[in-house]
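What follows is a single structure, written as structure tokens, with notes after it.
Residue numbers (our numbering): 6 to 131.
Below, the structure is given as structure tokens:
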């Protein structure tokens, strides 16, 4: 068995500290979602957020919506907000594409925040 040296002890401590630091960076994102919703099915919603009506529900549609939206339809004031579920379970929208959030509801709220009162324009389908 190798002898424990000061260098080996410091190297091990640094590796453990780096691992703990990385875990601390990942944990807040995972805890942002309500319990049980990190990787499970999100809940349908219909609410007014900052004066805008946001809605979301399972779409049950195939094709483009099912592939990219994770089977979800999200609307802001009746206009569809295209959402996509990432491989890590987070969600993004066409409006806030670079700011992943834990649920479709959070994606709708982030879009309202980003729009700052401007209307959501329909996204042309291919």
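Cβ coordinates follow ideal geometry from the N, Cα and C atoms, glycine included.
Bear in mind the structure is a predicted one, so any value in this text is a computation, not a measurement.
Where residue i falls, given that 16 or more other Cβ within 10 Å makes a residue buried
i, result
"residue 92", "exposed"
"residue 117", "buried"
"residue 124", "exposed"
"residue 46", "exposed"
"residue 106", "buried"
"residue 84", "exposed"
"residue 111", "buried"
"residue 49", "exposed"
Residues bridged to residue i (per DSSP)
i, result
"residue 51", "60"
Cβ shell of residue i (< 6 angstroms), same chain only, five flanking positions each side left out
i, result
"residue 87", "99 and 128"
"residue 79", "61, 86, 88, 109 and 113"
Beta-carbon proximity list for residue i, same chain, < 7 angstroms, skipping 5 on both sides
i, result
"residue 52", "59"
"residue 95", "105, 106 and 107"
"residue 81", "57, 59, 113, 116, 117 and 125"
DSSP three-state assignment for residue i, whether helix, strand or coil
i, result
"residue 126", "coil"
"residue 31", "Residue placement at residue 31 is flagged as unreliable, the pLDDT there being 44, under the threshold of 50; the coordinate-derived value follows with that caveat. Note: residue 31 maps to helix in three-state DSSP."
Spatial neighbours of residue i in its chain, beta-carbon cut-off 8 angstroms, leaving aside the 5 residues before and after
i, result
"residue 115", "98, 100, 101, 104 and 106"
Closer than 8 angstroms: residue i CB and nearest the ligand MG heavy atom
i, result
"residue 96", "The model depicted lacks the ligand MG and carries no ligand whatsoever."
* Asked: Could you give the uninterrupted runs of the beta strand (DSSP E) lying entirely in the stretch 58-116, keeping only those of 3 residues or more?
  -> 77-81, 84-86, 88-90 and 96-98
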